[in-house]
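These protein sequences, in sequence, are chains A and B. For the first sequence, my numbering gives the first residue as 10, with consecutive numbering after it. For the second sequence, my numbering gives the first residue as 6, with consecutive numbering after it. Data block below; observations after.
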Amino acid sequence: MQRRDFLKITAISGAAATLDACGSPDHQLIRFIPEEDLIPGIATWKPSVCTMCAAGCGLLVRVMEGDAEVVRNGQLGLMQMGLAKKLEGNPAHPINQGKLCPRGHAGLQVTYHPDRIRTPLMRSGARGSGEFKAISWDEAMQHLMAQLSSLHEGRLPGRLVFLTSPLRAQRRNIATTFAGGFKDSQYIEFSFFDEGVVRAANSASFRHDAPPTVELGQSNYIISFGANFLGTWNSPVAQSLGYGAMRQGRAGLRGKFLQFEPRISQTGANADEWVPCAPGSEGALALGIAHVLMQDKLRSAASAGAAGELIEGWAQGLAEYAPEKISAQTGVKAATITRIAHEAAANGPAVALIGDAAAAHTNGLFNTLAVNALNALLGSAGKAGGIQFSPVWNPSNDKTAGAQEASGAEAVRKLAEQIESNANSVGALLIHGANPAFATPAAWKLRRALEKAPLIASFGSFIDETSIFADLILPDHSPLESWVEDAPDSGSLRTVVSVAPPAVLPLHDTRAMPDVLLDLAHRLGGNFAKALPWKTYDEAIQADFAALYKSKGSKDAKTTDDFWSNAQQQGGWWGPQEDAAQGATGAKAASGSVKYAAAEFDGNQSEFPFHLMPFASQMLYDGSLAALPWMQEAPDPMSTAMWGTWVELNPATASKLGIKQADLVEVASRHGSVQAPAMITPGIAPDVVAMPIGQGHENFTRYASNRGANPISILAPMTVAGTDSLAWAATRVKIARVGEGKLVLFGASLREEPPDAKRR
Amino acid sequence: MAHQWGMVIDLDRCTGCEACVVACHAENNIATVGEKEAARSRANHWIRVERYYEGDFPDVKVKFMPVLCQQCDAAPCEPVCPTFASYHTEEGLNGQVYNRCIGTRYCANACPYNVRFFNFYNPKWDKPLNLQLNPDVSVREVGVMEKCTFCVQRIKAAETNARAEKRDVRDGEIQPACVQSCPTNAMVFGDLSDPNSRASRMAASSRGGKLLEELGARPKITYLQRDTWNGDENA
Ligand code: SF4
Ligand code: SF4
Ligand code: SF4
Chain A
10 MQRRDFLKIT AISGAAATLD ACGSPDHQLI RFIPEEDLIP GIATWKPSVC
60 TMCAAGCGLL VRVMEGDAEV VRNGQLGLMQ MGLAKKLEGN PAHPINQGKL
110 CPRGHAGLQV TYHPDRIRTP LMRSGARGSG EFKAISWDEA MQHLMAQLSS
160 LHEGRLPGRL VFLTSPLRAQ RRNIATTFAG GFKDSQYIEF SFFDEGVVRA
210 ANSASFRHDA PPTVELGQSN YIISFGANFL GTWNSPVAQS LGYGAMRQGR
260 AGLRGKFLQF EPRISQTGAN ADEWVPCAPG SEGALALGIA HVLMQDKLRS
310 AASAGAAGEL IEGWAQGLAE YAPEKISAQT GVKAATITRI AHEAAANGPA
360 VALIGDAAAA HTNGLFNTLA VNALNALLGS AGKAGGIQFS PVWNPSNDKT
410 AGAQEASGAE AVRKLAEQIE SNANSVGALL IHGANPAFAT PAAWKLRRAL
460 EKAPLIASFG SFIDETSIFA DLILPDHSPL ESWVEDAPDS GSLRTVVSVA
510 PPAVLPLHDT RAMPDVLLDL AHRLGGNFAK ALPWKTYDEA IQADFAALYK
560 SKGSKDAKTT DDFWSNAQQQ GGWWGPQEDA AQGATGAKAA SGSVKYAAAE
610 FDGNQSEFPF HLMPFASQML YDGSLAALPW MQEAPDPMST AMWGTWVELN
660 PATASKLGIK QADLVEVASR HGSVQAPAMI TPGIAPDVVA MPIGQGHENF
710 TRYASNRGAN PISILAPMTV AGTDSLAWAA TRVKIARVGE GKLVLFGASL
760 REEPPDAKRR
Chain B
6 MAHQWGMVID LDRCTGCEAC VVACHAENNI ATVGEKEAAR SRANHWIRVE
56 RYYEGDFPDV KVKFMPVLCQ QCDAAPCEPV CPTFASYHTE EGLNGQVYNR
106 CIGTRYCANA CPYNVRFFNF YNPKWDKPLN LQLNPDVSVR EVGVMEKCTF
156 CVQRIKAAET NARAEKRDVR DGEIQPACVQ SCPTNAMVFG DLSDPNSRAS
206 RMAASSRGGK LLEELGARPK ITYLQRDTWN GDENA
């Protein structure tokens, strides 16, 4: 099309954004009855919930009328309907208060992704071949029902396993209850960054099985041990809001932020003081600081209460952790440790955070318990600006139905092992939201197990490395097309129960996963129907809100119905400010039971001289967002790299090995190797190499497939001692230049020095 | 007096997260170009986050700086445009009239801030990604220069609303997409002709400065320099 034609057309239609529709045979399609109550050109904002990570930020979806190709009852046609135009933070939502992270924005591209699965699919080629044929929902449900009822009635051997990303609220309840209806069934929650270690440690130290909620805006001194809390860790938007206020939100008061980590993260880049430390030494460092606090009488051992006493040698002042003694092992000067302890003691509220790689060493649990003890000693546990916990609303549904629940990477390893040893032991594997074939070490051979499992059904929206093994795919709505509800356990000190009706009508022939489970439960009848009495997912959510109203009441709603409709309009219900501040209430483990643990690494130091430090990609997160073109093309904050993977190296290391910027480098562990271009950066220790997680997909849409490398694939199969989480920072590697490579950087032609904005 | 729209960016708050970058893509129908074109420096980001490393390991410091069109009062991109496609609006915006632009790219050469992007091809949205396009914002065609507009569609909408309600635009009522999204509240947008607007007051901070001020382009974005922690000031 010529530009002049284009201008003519836009002048007539007045809607410049229809460019792509021009000249297409859209006019030949039949038209469905338009959605009602839409005024062309007028935007409405509908609440929803972000599902791009576990933080659970509240959304407002900007919806405007438009024409879309949709499938209804198997028929393709055009429909005038509400379309989601932009995602914004919901200003009323207590977690993100109107703000969003970059990943949250890109949630829009899930709904309108060109490679979304549009209808139910049935495998038509060999397992894993990616050959599927479209089938109707009736066929899909009949097929699945036949298998499930045989399994339920014992006509087929094996157990049902429901493998899902971590779920919350009624969605979780429906999934666990459904799974629990089958004899000896198992419900496994898996995501690469699952905070399992932090949860386990917080349960032991503070009796809260949740990540902390820290009002950073009230902190004066923040010590972070590796937690990328301004980027991807825990509840990044809530934490960023607090951080901004900590820096410049209080007249005359600016807090200090210090980060310990061997590779500078986007978060560490903002620190007032960035202190590299040896990988896995974070717990020793925390106890070194604690030692100084006690030794120099800045705090008393007893003041830390139970969280301190857990640590062996606490009451005696942790003499083994004296700064001079741990300096060599941690790589941090004794004087620095002492100074930090004094600064933190004098500038309360001081708070210590730990996450990401620091918690993903084999001694991650020890590190996290040590940091918890430091928090208790600093007096930050349960205090504003310190470690607190969100009050959480738990649906009061009875949990008698008995699926065995497991979580963490270890559960996936055991599943692979189980199928491997007896393929018929898992009669049906239902998969939702998780992509373990991508996100677990190749050494676990999960893919080989998936090839053998008798029946795999996936609820995914995309073909990925896991769902490609499915026999049946029953595609879920996108979150914007679905009822959403959530009860996050971090991010706000108010109770948060989010809910929203679908913001837009579904584009494709999809069904909400919980609705499919409820339908199956009705067909299965008996105990299933009794345990899951609701006809639809929204009925189930409504029942939960009725229970919430009964238990919490509300000033603004006279009846349950009012309460329910208010919640839908607002995007949820939040508890009053006062019901907040879940303090830290004493430890669960025995005094002195936490002993020093050194980090163990896979691969000996002489053959594998480098620590491999994988890290969460700011845009692609754990790889689940690699399908989204906005995320692929948004420059990485630390390197400006787009559309690929890279290996970060210290300049001294690079020159010793003869590696130049963008050279192709092979990174090899005992378990495999990957290749990626070199990114030479001063922000990494000479004995560490770092790679972003997220790329290296084989089958994951046109945008992500066959691009970059997946460092997870070469990780050693090590777990964090005392937990079921993968010790993903425990792998040693060797590196070598293998040829010329290519980095795609943004603004490569820009100046290298910061322009000095002159002070007035 | 007409409004004079401007912005203040507090570098002590900015964390380099790039929520602003993706928010701008979503709001302004900015097309992604794919790996091959991105490798030829043709990716479009009306706002970008520059990052600078200082020092050697282990004494490393990093600075982030979001850079968008500075909406200069003496904009070097304006006088060089033979067709007045790049022009100054009454409200102090550096406007870009797409249907006047003939693609000389003189403006991009003249801009000291590297914030102008040329459409080497017709933009493409793989269907149905086109459904997300914002109908309030033109899609730019091949041969046309584009850049940050200060989200002029949001400014106009707010002004129209205010006029209909017979009042002036309230301070803080207009939020460009980047400002609205910023998780640390690092960016503040407002009317610099109103000395009491939040942006005016913040721009007067002792930390304030302009980007490449010595070039004399008179940018309307003030950067507040990163602050430091002064030892035991809080003790
Ligand atoms: S932090 Fe970002 S991705 Fe996670 S829920 Fe919030 S907006 Fe979504
Ligand atoms: S969104 Fe805000 S904090 Fe993030 S990079 Fe942009 S200006 Fe900085
Ligand atoms: S003001 Fe609008 S157009 Fe300019 S960078 Fe921000 S979001 Fe983009």
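Glycine residues also receive a C-beta, built at the ideal position from the N, C-alpha and C atoms. All figures in this text were calculated on a predicted structure; none of them were measured in a lab.
By the Cβ neighbour-count rule, L69 of chain A is buried, with 16 or more other Cβ atoms within 10 Å of its own. Scanning its chain for C-beta atoms nearer than 8 Å, with the 5 sequence neighbours on each side dropped, one finds around A219 of chain A the residues R208, N211, F398, S399, V401, D498, S499, in chain order. Of the heavy atoms belonging to ligand 2, at least one sits nearer than 7 Å to the Cβ of G21 of chain B.
Apart from sequence neighbours up to five positions away, the residues of its chain that approach P644 of chain A with a beta-carbon distance below 6 Å are M651, F755, ordered along the chain. One thing to note: I14 of chain B has its Cβ within 8 Å of the Cβ of I226 of chain B. Straight through space, the alpha carbons of F41 of chain A and L464 of chain A are spaced by roughly 37 Å. Here the region 346-366 of chain A lies against the region 291-309 of chain A, with 3 or more beta-carbon pairs under 8 Å apart. Ranking A:P484, A:A188, A:N372, A:P695 by CA distance to the CA of A606 of chain A puts A:N372 first. For A210 of chain A, the uninterrupted alpha helix (DSSP H) run begins and ends at 205-215, by DSSP.
Distance check between C77 of chain B and each of B:H93, B:F123, B:P128 places B:H93 closest, using alpha-carbon atoms only. If you draw a straight line from the Cα of Y712 of chain A to the Cα of P638 of chain A, it is about 6 Å long. Under the three-state reduction of DSSP output, K334 of chain A falls in the helix class. Remark: the C-beta of C59 of chain A is in contact range of ligand 1, defined as less than 7 Å to any heavy atom.
Straight-line measurement puts the Cα of F478 of chain A at about 8 Å from the Cα of G139 of chain A. For A31 of chain B, the closest Cβ of chain A is nearer than 8 Å. Within chain A, the residues C110, P111, L239, G240, P245, S249, Q275, Q627, P646 have their CB atoms less than 8 Å from the CB of C22 of chain B, given in chain order. Close to F755 of chain A, with beta-carbon spacing below 7 Å, are these residues of chain B in chain order: A48, H50, R53. The beta-carbon of P623 of chain A is placed no less than 8 Å from the nearest beta-carbon of chain B. By the criterion of a C-beta distance shorter than 8 Å, N433 of chain A is surrounded in its chain by P166, G167, P463, once the five residues flanking it on both sides are discounted. At least one CB atom of chain A sits nearer than 8 Å to the CB of N190 of chain B. With respect to chain B, the C-beta atom of R181 of chain A has no partner C-beta closer than 8 Å. Taking a Cβ-Cβ threshold of 9 Å, none of the residues of chain B is close to W655 of chain A; the smallest such distance is about 14 Å. With a beta-carbon spacing of about 14 Å, V380 of chain A and V729 of chain A fall beyond the 8 Å limit used to define contacts. Below the 7 Å Cβ cutoff, chain B contributes P133 as neighbours of E78 of chain A, in chain order. About 5 Å separates the beta carbon of V435 of chain A from that of V170 of chain A, a gap short enough to meet the 8 Å contact definition. S633 of chain A and D518 of chain A have their C-alpha atoms spaced approximately 22 Å apart. Look at N139 of chain B: its beta carbon is at least 7 Å from all of the heavy atoms in ligand 3. Listed in chain order, the non-local C-beta contacts of G100 of chain B below 8 Å within the same chain comprise S91, Y92, H93, T94, T154, V157, local neighbours out to five positions each way being set aside.
Counting the other Cβ atoms within 10 Å of the Cβ of D64 of chain B gives fewer than 16, which makes it exposed.
For chain A, the residues of the region 201-215 of chain B that bring a beta carbon within less than 8 Å of one of its beta carbons are S211, R212, G213, G214, K215, in chain order. For Q614 of chain A, the closest of A:V742, A:Q338, A:P288, A:K265 by C-alpha to C-alpha distance is A:V742. Remark: C-beta atoms of A687 of chain A and I702 of chain A do not approach each other more closely than 8 Å. Residues of chain B with a Cβ closer than 8 Å to the Cβ of G692 of chain A are, in chain order, Y58, F62, V65, V67. Linking W655 of chain A to G717 of chain A through their CA atoms gives a straight-line distance of about 8 Å.
In this structure, the C-beta of F122 of chain B stays at least 7 Å away from each heavy atom of ligand 3.
For I349 of chain A, the uninterrupted alpha helix (DSSP H) run begins and ends at 343-355, by DSSP.
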